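To keep things clear, I will list the structure first and then write my remarks on it.
There are 2 protein chains.
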Amino acid sequence: MANDYAKFKKQNRLLIETIYRDFFNNNQGSLKIKKEAVVLKNLEVIINTTLKLSSEMGFQSMSLRDLSRESGLSMGALYTYFNSKDDLLRIIHHFGMQTVPDLLTKAIDGVSDTHKKLSNVVQTHLYLSEMMQLWFQFFFMETKNLTQEDRKIPFESELFTEQIIIDILEEGRQSGLYSIQDTTLTAALIKALLQNWYLKRWKFAKQKISIEQYLTFIIDSIETLVLVKKEVKA
Amino acid sequence: MANDYAKFKKQNRLLIETIYRDFFNNNQGSLKIKKEAVVLKNLEVIINTTLKLSSEMGFQSMSLRDLSRESGLSMGALYTYFNSKDDLLRIIHHFGMQTVPDLLTKAIDGVSDTHKKLSNVVQTHLYLSEMMQLWFQFFFMETKNLTQEDRKIPFESELFTEQIIIDILEEGRQSGLYSIQDTTLTAALIKALLQNWYLKRWKFAKQKISIEQYLTFIIDSIETLVLVKKEVKA
DNA sequence: GTCTATAGTGCGATAGAC
DNA sequence: GTCTATCGCACTATAGAC
Chain A
0 MANDYAKFKK QNRLLIETIY RDFFNNNQGS LKIKKEAVVL KNLEVIINTT
50 LKLSSEMGFQ SMSLRDLSRE SGLSMGALYT YFNSKDDLLR IIHHFGMQTV
100 PDLLTKAIDG VSDTHKKLSN VVQTHLYLSE MMQLWFQFFF METKNLTQED
150 RKIPFESELF TEQIIIDILE EGRQSGLYSI QDTTLTAALI KALLQNWYLK
200 RWKFAKQKIS IEQYLTFIID SIETLVLVKK EVKA
Chain B
0 MANDYAKFKK QNRLLIETIY RDFFNNNQGS LKIKKEAVVL KNLEVIINTT
50 LKLSSEMGFQ SMSLRDLSRE SGLSMGALYT YFNSKDDLLR IIHHFGMQTV
100 PDLLTKAIDG VSDTHKKLSN VVQTHLYLSE MMQLWFQFFF METKNLTQED
150 RKIPFESELF TEQIIIDILE EGRQSGLYSI QDTTLTAALI KALLQNWYLK
200 RWKFAKQKIS IEQYLTFIID SIETLVLVKK EVKA
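So the sequence lines, in the order shown, correspond to chains A and B.
For what it's worth, numbering that gives the first Met the number 0 labels the leading residue of the first sequence as 0, then goes sequentially.
For what it's worth, numbering that gives the first Met the number 0 labels the leading residue of the second sequence as 0, then goes sequentially.
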């Protein structure tokens, strides 16, 4: 288990590139630049720089002049990849957030054992949030700045993920594997523990808690809470 | 237990006023306005409006023109209560955050039973975060906009609260009441569950989950995790 | 103690050269 | 496809009337 995250990272190293490719394919008509290689390269620089600056000062505080300076692209060049600052915000949310449900759905696809499904979802979510740390923090912190229409994206993403967990918990309850009073609240608890990892990275770094340690801890805690008790202690 | 929150709210209804009074007392020398009653009244309007607008659009996106319009005070009047927009941000963090450790410390003061201490801390924190909902959300979301120097305030507040919980858990472990592998991670888990309430209010409102229900649920979960097991089940 | 009017700055966005 | 130069606007902050 010690190098599981390294393995995950290696297996999914091309994941973020598919986000840029999706963006290119979906906007080929309206994009001013036609060469895929150029678009992918610059989009990566622009988005990485935006995520970095936003994590330091917030998206609103970041001026496009900051972004231009840090990314090495001129103001004019930036505007060939997005139509406005708000458009850039929308792009990051819209294309980034598709990755989460995709990967979680894949993680339980073909798995028949209920508890294996649950631990796969927890592990995949945790590892993905580590790999895309700045993305996840951005999703959480910058939702306010989206238009009301675009706020549906993170809203539905949260409920979709939660529903996956609820379904697994319900399945386990019905088969007699789990003993749960309230599946909705239990799913919310699991999500809170997952979210806690990427929202409080500074704290865990300070306390020298590794992602493997955190994973083991939350899996153990979840098991204590949901599994039917079989043993006596004390 | 059904109306415990109502009781807490009633008992602490003057709490927020003391925040404004502290501000007045600490800045009497430099403040341009000398009448306490005027300061308290306007400070309340200014801060409430700031918290409301920030919860909708974020502090950076809120212009002082917005604040002027919504609060009913002119731009000029606003600047007699703070020296700059950043100063307003600092004031809210600085004076608001003192309330949390104060109240938590009081909640365990004189209580000798370890587990009663723990449940008091959890209940007080949860109820306080409900009563000062917009404040807590503001603390969490707007830390980024503080100067590096002022960022110590939320930083130390988080660690102080966590230390209170760690101490109680450690006490329970040593007396044989609790069975805990890692007190630091367990305290972080408890904090995550508390934070989850005010960060995901929209979700719980949608699911019609009351604060009393949430309190019961997290207290039960924490007990399952930390108390030494005494019974068999299944 | 609060107002209106305005100075000064830096922003998002674009036009046109290369 | 990327650059520099610049437009017009909205912002923070303040001066001076009441």
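We put the CB at the ideal spot given by N, CA and C, even for glycine.
Given the structure is predicted, the values throughout are model-derived calculations rather than measurements.
Local conformation of residue i per DSSP, three classes
{"i": "residue 177/A", "result": "strand"}
{"i": "residue 226/A", "result": "strand"}
{"i": "residue 117/A", "result": "helix"}
{"i": "residue 26/A", "result": "helix"}
{"i": "residue 7/A", "result": "helix"}
{"i": "residue 233/B", "result": "Any reading at residue 233/B needs caution, since the residue's pLDDT is 46, under 50, leaving its predicted position unreliable; the model's value is listed next. Reduced to three states, the DSSP call for residue 233/B is coil."}
{"i": "residue 15/B", "result": "helix"}
{"i": "residue 195/B", "result": "helix"}
{"i": "residue 31/A", "result": "coil"}
{"i": "residue 147/B", "result": "coil"}
{"i": "residue 79/B", "result": "coil"}
{"i": "residue 99/A", "result": "helix"}
{"i": "residue 112/A", "result": "coil"}
{"i": "residue 70/A", "result": "helix"}
{"i": "residue 206/B", "result": "coil"}
{"i": "residue 130/A", "result": "helix"}
{"i": "residue 141/A", "result": "coil"}
{"i": "residue 214/B", "result": "helix"}
{"i": "residue 85/A", "result": "helix"}
Proximal residues of chain A, C-beta to C-beta of residue i below 7 Å
{"i": "residue 143/B", "result": "56 and 57"}
{"i": "residue 192/B", "result": "188 and 191"}
Residue i CB to nearest heavy atom of the ligand SAM below 7 Å
{"i": "residue 102/B", "result": "Annotation note on the ligand SAM: not contained in the displayed structure, which lists no ligands."}
8 Å contact criterion, which residue i and residue j should meet: CB distance rounded
{"i": "residue 78/A", "j": "residue 45/A", "result": "About 11 Å; that fails the 8 Å criterion."}
{"i": "residue 103/B", "j": "residue 189/B", "result": "12 Å between Cβ atoms; not a contact."}
{"i": "residue 145/B", "j": "residue 88/B", "result": "6 Å"}
{"i": "residue 191/A", "j": "residue 195/B", "result": "4 Å"}
{"i": "residue 227/A", "j": "residue 174/A", "result": "Between residue 174/A and residue 227/A the Cβ distance is about 10 Å, and since that is not below 8 Å, they are no contact."}
{"i": "residue 96/A", "j": "residue 153/A", "result": "6 Å"}
{"i": "residue 225/A", "j": "residue 171/A", "result": "7 Å"}
{"i": "residue 279/B", "j": "residue 125/B", "result": "As displayed, chain B neither begins before 0 nor continues past 233, which places residue 279/B out of reach and without an answer."}
{"i": "residue 193/B", "j": "residue 128/B", "result": "7 Å"}
{"i": "residue 165/B", "j": "residue 4/B", "result": "Incorrect: roughly 26 Å between the Cβ atoms, too far for contact."}
{"i": "residue 57/A", "j": "residue 143/B", "result": "5 Å"}
{"i": "residue 206/B", "j": "residue 183/A", "result": "6 Å"}
Residue i: contacting residues in chain B (beta-carbon distance under 7 Å)
{"i": "residue 3/A", "result": "Here the premise fails: no neighbours, minimum Cβ distance about 18 Å."}
{"i": "residue 216/A", "result": "181 and 184"}
{"i": "residue 220/A", "result": "188 and 224"}
Within chain B, partners of residue i - CB distance below 8 Å
{"i": "residue 140/A", "result": "140 and 143"}
{"i": "residue 160/A", "result": "Simply none; closest approach about 12 Å."}
{"i": "residue 208/A", "result": "183 and 184"}
{"i": "residue 47/A", "result": "Correct list: empty, because the minimum Cβ distance to chain B is about 18 Å."}
Under 8 Å by beta carbon: chain A residues contacting residue i
{"i": "residue 88/B", "result": "Within chain A, no residue comes near residue 88/B; the closest Cβ sits about 12 Å away, beyond 8 Å."}
{"i": "residue 119/B", "result": "Ordered by position in chain A, no residue passes the 8 Å Cβ test against residue 119/B, which lies about 21 Å from the chain."}
Cross-chain neighbours of residue i in chain A, by beta carbon under 9 Å
{"i": "residue 24/B", "result": "By Cβ distance, chain A contributes nothing, its closest Cβ being about 32 Å from residue 24/B, past 9 Å."}
{"i": "residue 132/B", "result": "The premise fails here: residue 132/B is roughly 15 Å from chain A at the closest Cβ pair, so nothing lies under 9 Å."}
{"i": "residue 62/B", "result": "Here the premise fails: no neighbours, minimum Cβ distance about 11 Å."}
{"i": "residue 82/B", "result": "Chain A residues near residue 82/B: none, gap ~19 Å exceeds 9 Å."}
{"i": "residue 41/B", "result": "Ordered by position in chain A, no residue passes the 9 Å Cβ test against residue 41/B, which lies about 26 Å from the chain."}
Contacts that residue i makes with chain B (C-beta to C-beta distance below 9 Å)
{"i": "residue 11/A", "result": "By Cβ distance, chain B contributes nothing, its closest Cβ being about 26 Å from residue 11/A, past 9 Å."}
Quick one: complete alpha helix (DSSP H) runs, 4+ long, within the stretch 34-68 of chain A?
-> 35-56
Does the stretch 139-147 of chain A come within contact of the stretch 24-43 of chain A, defined as at least 3 CB pairs closer than 8 Å?
-> no
For the stretch 99-114 of chain A against the stretch 52-64 of chain A, are there 3 or more C-beta pairs whose distance is under 8 Å?
-> no
Are the stretch 112-131 of chain B and the stretch 217-224 of chain B touching by the rule of at least three beta carbon pairs closer than 8 Å?
-> yes
If we count Cβ pairs, one from each stretch, closer than 8 Å, do we get three or more for the stretch 6-21 of chain A versus the stretch 29-46 of chain A?
-> yes
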